[in-house]
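Undergrad: Okay, here's the structure, questions in a sec.
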Amino acid sequence: MTKKLLFLLDTDPAPSVFDTVVGYDGGADHIIGYGGVTPESVAALVDGTIYTRGPKEKQYTAIFVGGGNMIAGEALFKAVKKRFFGNFRVSVMLDSNGSNTTAAAGVALLAKAKSLAGKKAMVLAGTGPVGMRAAAMLHLEGAEVAITSRSKQRADAASKAINDRFGFAPTPIEAFDNEARAAAVKGAQVVFAAGAIGVPLLDEKDWQNDPAIELVADCNAQPPLGIGGVEAIDKAKERHGKIAIGALGLGGLKLKLHRACVGQLFESAGQVLDAENIYAQAKALA
Numbered sequence: 006m007t008k009k010l011l012f013l014l015d016t017d018p019a020p021s022v023f024d025t026v027v028g029y030d031g032g033a034d035h036i037i038g039y040g041g042v043t044p045e046s047v048a049a050l051v052d053g054t055i056y057t058r059g060p061k062e063k064q065y066t067a068i069f070v071g072g073g074n075m076i077a078g079e080a081l082f083k084a085v086k087k088r089f090f091g092n093f094r095v096s097v098m099l100d101s102n103g104s105n106t107t108a109a110a111g112v113a114l115l116a117k118a119k120s121l122a123g124k125k126a127m128v129l130a131g132t133g134p135v136g137m138r139a140a141a142m143l144h145l146e147g148a149e150v151a152i153t154s155r156s157k158q159r160a161d162a163a164s165k166a167i168n169d170r171f172g173f174a175p176t177p178i179e180a181f182d183n184e185a186r187a188a189a190v191k192g193a194q195v196v197f198a199a200g201a202i203g204v205p206l207l208d209e210k211d212w213q214n215d216p217a218i219e220l221v222a223d224c225n226a227q228p229p230l231g232i233g234g235v236e237a238i239d240k241a242k243e244r245h246g247k248i249a250i251g252a253l254g255l256g257g258l259k260l261k262l263h264r265a266c267v268g269q270l271f272e273s274a275g276q277v278l279d280a281e282n283i284y285a286q287a288k289a290l291a
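Position in the sequence shown (first residue = 1) + 5 = this note's numbering.
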């Protein structure tokens, strides 16, 4: 039987242990990881995947692009696809820092709870991989999206990168501390926190009595959580009259989605899994 080979190309110095484990759980027989991969160094790696198996066996070779930096991941993803031609291609997936699968799970659960069309959505710490993808997926649902960062320069750069990829620019907002973020969420119906582990972004007092806020989601599973008053296990839990989703609440769907996407890579050659189709799968699984 032809082995299912998943090549993990990571922009970070070492390939992700998390992505390796989930890759095996998703059905790969062997995972070969490479760290520090750049668009300039990827050509030989991709060529090795497309020239070694015949047309009927190519579906059993796939590439997963990961790493902690979304912009670097997108550049590497583009370089991978550029090496493909004719039937010389394998399936490839982009999920820098779990960005597509985590954001897709969170936004899909929000959309399942309430329609997001026409709502104002604020993505706190929206310049990281998860925040940038969440902004895009909220836009796909028809929300009016803004992103925050401690740095205006980073917020502007992230907004431009999102516009370059998705054709829309979320409003960039500088919000250096919790007080500034509390001001930023005023008038928003949806708050999505995508900050780093252990970084609180919004105090409970700043959202619990806000009549505008309807939905809150937090991707941080380790205390202190990103949004005060949200529990990691919350999954469409009512808190203060709002619907709350915590990191573990969305984590089950994220892992299910991640595994499903890896499995899909081996169903046929030439598939390209990125934000739009990963999000569509999340909505089907939610």
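Note that CB positions come from ideal geometry on N, CA and C, so glycine has one too.
#1: Beta-carbon within less than 6 angstroms of V150's beta-carbon, same chain only, minus the 5 sequence neighbours each way: which residues are those?
#2: Is A217 helix, strand or coil when you go by DSSP?
#3: Counting only the same chain and skipping the five closest in sequence on each side, list residues whose C-beta sits under 7 angstroms from that of A110.
#4: For T132, which of K83, I76 and T66 has the nearest alpha-carbon?
#5: So, under 8 angstroms CB-CB, S96 and G275 are touching, yes? Tell me the CB distance rounded to an integer number of Å.
#6: Mind checking who A57 pairs with in its DSSP beta bridge?
#7: Are F171 and V128 touching if we call contact CB-CB under 7 angstroms?
#8: From I167 to I178, what does the alpha carbon distance come to, in whole angstroms?
#9: Could you pull out every residue in the same chain whose Cβ sits closer than 8 angstroms to the Cβ of G123, ignoring the five residues on either side in sequence?
#10: Run the CB neighbour count on S273, radius 10 Å, all protein chains shown included, and call it buried at 16 or more, exposed below.
#11: Can you confirm whether the segment 112 to 119 touches the segment 183 to 190 when touching is taken to mean that 3 or more C-beta pairs between the two stretches lie within less than 8 angstroms?
#12: How would you call T43, buried or exposed, if buried means at least 16 neighbouring beta carbons within 10 angstroms?
#13: For R138, I'd like the list of residues in its chain whose CB is within less than 6 angstroms of its CB, leaving aside the five on either flank, ordered along the chain.
#14: Which two residues bound the contiguous beta strand (DSSP E) that contains S96?
#15: Can you check which of these residues, G136, L290, N183 and T57, is closest to A222 by C-alpha distance?
#16: Mark Q64 as exposed unless 16 or more other C-beta atoms lie within 10 angstroms of its C-beta, in which case mark it buried.
#17: By how many angstroms is the C-alpha of D24 removed from the C-alpha of K86?
#18: Mapping the DSSP letters down to three states, classify K296 as helix, strand or coil.
#19: For A252 and chain D, any beta-carbon pair shorter than 7 angstroms?
#20: Between which two residues does the alpha helix (DSSP H) holding A67 run?
#21: Just list the residues that DSSP pairs S154 with in beta bridges.
#22: According to DSSP, what are the bridge partners of K210?
TA: With the structure as the only source:
#1: Excluding sequence positions up to five before and after V150, its CB lies within less than 6 angstroms of the CB of A126, A140, L143, H144 and P175, all in the same chain and listed in chain order.
#2: Coil at A217, not helix or strand.
#3: Cβ within range, chain order: L255, L258, K259, L262 and A287.
#4: T132 has its Cα closest to that of I76, out of K83, I76 and T66.
#5: Rounded to the nearest angstrom, the Cβ distance from S96 to G275 is 6 angstroms, consistent with a contact under 8 angstroms.
#6: Just to set this straight, residue 57 is Thr in the shown sequence, not Ala. Bridge partners of T57: none, in fact.
#7: No, Cβ-Cβ distance for F171 and V128 is not below 7 angstroms.
#8: Each residue's Cα considered, the two are about 14 angstroms apart.
#9: Excluding positions up to five away in sequence, the list reads G147, A148 and E149.
#10: When all chains shown are included, S273 counts as exposed.
#11: The segment 183 to 190 is not in contact with the segment 112 to 119.
#12: Flag for T43 reads exposed.
#13: Only S104, N105, A108 and A280 meet the Cβ criterion.
#14: Residues S96 to L99.
#15: For A222, the closest C-alpha among the options G136, L290, N183 and T57 is that of G136.
#16: Buried, because 16 or more other Cβ atoms sit within 10 Å of the Cβ of Q64.
#17: If I take the Cα positions, the gap works out to 20 angstroms.
#18: The question about residue 296 has no answer, for the chain in this structure spans 6 to 291.
#19: Going by chain labels, chain D is absent from the structure shown, which holds only one protein chain.
#20: Per DSSP, A67 belongs to no alpha helix (DSSP H); it is in the beta strand (DSSP E), T66 to G71.
#21: DSSP output for S154 lists E179 as bridge partner(s).
#22: DSSP, once it has assigned bridges, lists no residue as partnering K210.
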